[in-house]
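Below is one structure, written out as structure tokens; comments come after it.
Protein chains: 2
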Amino acid sequence: MDDTRIWTAGIVVIGDEILSGRTQDRNVAQIGLWLNLQGIRLREVRVVADDMAAIAEAVTTLAGRNDYCFTTGGIGPTHDDITVDAIAAAYGLGVEVHPRARQVLENYYGSRGGLTEARLRMARVPAGASLIENRISGAPGIRLDNIFILAGVPHIAGQMIDALTGTLPGGKPLLSTTLGCWVPESEVADILRHAERTHEGCQIGSYPFFREGKVGANFVIRSTEADGLERCAADLAAELADVGFETVPGGI
Amino acid sequence: MDDTRIWTAGIVVIGDEILSGRTQDRNVAQIGLWLNLQGIRLREVRVVADDMAAIAEAVTTLAGRNDYCFTTGGIGPTHDDITVDAIAAAYGLGVEVHPRARQVLENYYGSRGGLTEARLRMARVPAGASLIENRISGAPGIRLDNIFILAGVPHIAGQMIDALTGTLPGGKPLLSTTLGCWVPESEVADILRHAERTHEGCQIGSYPFFREGKVGANFVIRSTEADGLERCAADLAAELADVGFETVPGGI
């Protein structure tokens with residue numbers, strides 16, 4: 001493990017249903033949290049339509065400039081599932097039926113009406129790709145070099161990343177700690193800026209909220225160094241207390 | 001209104017807290033639904049970190065190739081709020097205090113401790129920009145040509161787009177209708193593909209789910225033509241009924 005290098009990832013969310021507002025995406029937050037634990041930083045996300053050119057542009061860009069690229073959606077059995085074809089075309093690869101995926105689907109659908117032509121679509125992979133197993137639905141995810149092609153249904157995508165836990169090289173996990181405070185963030189902006197400047201390697205995000213008829217904010221401190229993180233949080237809490245604002249460890 | 005042209009928009013979601021998985025984005029779905037009603041198609045979304053270069057790249061690309069570009073996040077009073085600076089820099093513009101924004105903030109903070117330097121940050125706009133009023137927090141959104149700079153807090157962003165309702169040129173609203181069905185989508189993939197092919201101007205999305213221990217799917221038909229949409233839905237329901245699957249109008 002390289003202690004200094006920052007490992008990054010991008011996610012391409014594929015699906016008209018996200019862009020139309022019909023479906024609330026849940027995969028970005030789920031994969032982002034999981035990546036933190038793998039020591040990999042989620043650097044960017046794109047949401048694109050079910051469109052060959054849009055998928056190709058997003059995947060080649062994010063896979064090209066990050067260590068890892070994850071896609072979600074568009075790998076089911078219906079006509080609007082074009083992720084595999086789009087990625088294969090983007091890299092000039094053919095599409096083939098993966099023998100192990102075919103076997104997995106044959107087993108799964110053996111007692112569920114058999115492996116039809118539509119279902120066999122879910123065994124199609126870009127030539128040379130390997131599989132990411134999935135215990136729920138039978139249909140596996142797909143790995144092509146640094147590209148991980150996952151399902152769109154969040155609990156299936158969750159199973160697929162779970163199967164990858166601990167297998168991807170990464171750096172130090174990004175740690176975070178949160179201080180909640182019943183204060184308008186604008187009143188303590190200088191204190192926040194000062195705390196970030198005087199604690200190297202720490203970033204502080206300020207996230208305001210309105211609750212119980214009152215204004216407050218959560219201050220999230222992030223660092224790869226546990227000691228530095230703790231010092232920054234302690235100093236920030238002390239500086240806020242000095243001007244009369246008590247903080248709530250863990251956030252409000 | 002141009003009846004044939006498709007008007008498109010992009011959204012740039014700005015914020016480390018979305019990428020870290022800490023905060024679940026709600027603005028994409030909210031703005032996507034609202035855009036449909038304005039006759040504007042959300043074509044693409046990017047989520048980027050609180051980083052000048054990343055914001056500039058995403059905003060200039062999406063604003064350049066869509067009719068409209070919306071940003072959410074990064075317009076508060078703290079050091080991590082850099083959206084205005086990043087967009088101004090991307091277009092080679094200065095940043096200035098907007099007199100009307102200053103006045104709005106003075107009124108709002110008059111009874112709340114006064115207009116501090118941190119709070120005055122929220123009156124800064126790229127030179128030449130106009131304001132999008134916001135009845136909740138005082139701090140306004142910002143319009144720079146076809147770029148709409150909105151708050152990150154969903155209910156404030158919601159107020160800002162509400163203020164824009166009916167003011168943006170668009171085309172025909174995209175209509176949709178949903179048929180739910182207790183069927184594995186893989187069993188009816190051919191019927192879906194055929195229905196889409198034989199109904200010009202209609203797209204059909206298939207969204208599987210697992211509920212009450214059973215497999216089902218919602219089929220969402222989209223079109224700008226109400227008549228065509230209705231015909232497609234009726235034909236699809238009839239074809240599914242022919243092979244023994246009853247559909248639930250409105251979805252399951």
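Those protein sequence lines, which keep their order, are chains A and B. All the letters of the first sequence, read from the start, carry residue numbers 1 to 252 under UniProt numbering. All the letters of the second sequence, read from the start, carry residue numbers 1 to 252 under UniProt numbering. Virtual Cβ for every residue (Gly too), placed ideally from N, Cα, C. Model, not experiment: these values are computed from the prediction.
Hey, how far is the Cα of residue i from the Cα of residue j?
i	j	result
E196/A	Y68/B	35 angstroms
G110/A	G138/A	11 angstroms
R222/B	A157/A	26 angstroms
G228/B	N66/B	27 angstroms
L174/B	I204/B	13 angstroms
D81/A	D50/A	8 angstroms
A129/A	L120/A	16 angstroms
I40/B	A90/B	25 angstroms
H79/A	I6/B	23 angstroms
residue 254/A	C202/A	Any property of residue 254/A remains undetermined from this structure, which presents chain A solely from 1 to 252.
G64/B	D145/B	11 angstroms
T177/B	V243/A	56 angstroms
A237/B	N134/A	32 angstroms
A29/B	S20/A	7 angstroms
G251/A	L62/A	33 angstroms
F210/A	V153/B	10 angstroms
N27/A	W34/B	22 angstroms
A234/A	I18/B	25 angstroms
Can you tell me whether residue i is buried or exposed? The criterion is at least 16 other CB atoms within 10 Å of its CB, across all chains shown.
i	result
H155/B	exposed
P99/B	exposed
A101/B	buried
Q103/B	exposed
P169/B	exposed
T247/B	buried
G74/A	buried
A241/B	exposed
residue 297/B	Because chain B in this structure spans residues 1 to 252, residue 297/B falls outside the shown range and cannot be described.
L37/A	exposed
R112/B	exposed
A151/B	buried
N107/B	exposed
Spell out the partners DSSP gives residue i in its beta bridges.
i	result
L179/A	F219/A and P249/A
K214/B	R211/B
R143/A	S130/A and F148/A
E44/B	V48/A and G10/B
R124/B	V97/B
C69/B	G10/B and I147/B
Pick from the options: whose alpha carbon is nearest that of residue i?
i	options	result
A58/B	G114/B, I11/B, G158/B and S186/B	I11/B
G32/A	R5/B, D25/B and Q38/B	D25/B
L105/A	L131/A, A86/A, S206/A and G92/A	L131/A
A118/B	L93/A, I252/A, V188/A and V84/A	V188/A
C181/A	M52/A, N107/A and V215/A	V215/A
D162/B	I136/B, N218/B and R112/B	I136/B
T224/B	L236/B, G171/B, V47/B and L179/B	G171/B
I55/A	E44/A, T71/A and V183/A	T71/A
L93/B	N107/B, G114/B, T116/B and R124/B	R124/B
T23/B	E230/A, N218/A and L236/A	N218/A
E185/B	V84/B, V47/B, S206/B and S176/B	S206/B
V48/B	L115/A, L19/A, T8/A and A237/A	T8/A
V183/B	E200/B, V45/B and G213/B	G213/B
L164/B	H194/B, V220/B and P140/B	P140/B
D16/A	V45/B, F148/B and I147/B	V45/B
R143/A	P77/A, F245/A, G114/A and T83/A	T83/A
A53/B	A88/B, R193/B and I147/B	A88/B
Any idea what DSSP makes of residue i, helix, strand or coil?
i	result
T111/B	First, the residue type needs correcting, since residue 111/B is Ser and not Thr in the sequence shown. Residue state, collapsed to three classes: coil.
C202/B	coil
R102/B	helix
E225/A	coil
residue 262/A	Residue 262/A lies beyond the residue range present for chain A, which begins at 1 and ends at 252; the question has no answer from this structure.
V97/B	strand
R5/A	coil
E239/A	helix
W83/A	Correcting the residue type first, residue 83/A is Thr in the shown sequence and not Trp. Helix, per DSSP.
T61/A	helix
R231/B	helix
R119/B	helix
I75/B	coil
S186/B	helix
G32/B	helix
D25/A	coil
L37/A	helix
G158/A	helix
L174/A	coil
L19/A	helix
At a threshold of 8 angstroms, does residue i count as lining the ligand SAH (C-beta to nearest heavy atom)?
i	result
W182/B	The ligand SAH is not part of the structure shown, which contains no ligands of any sort.
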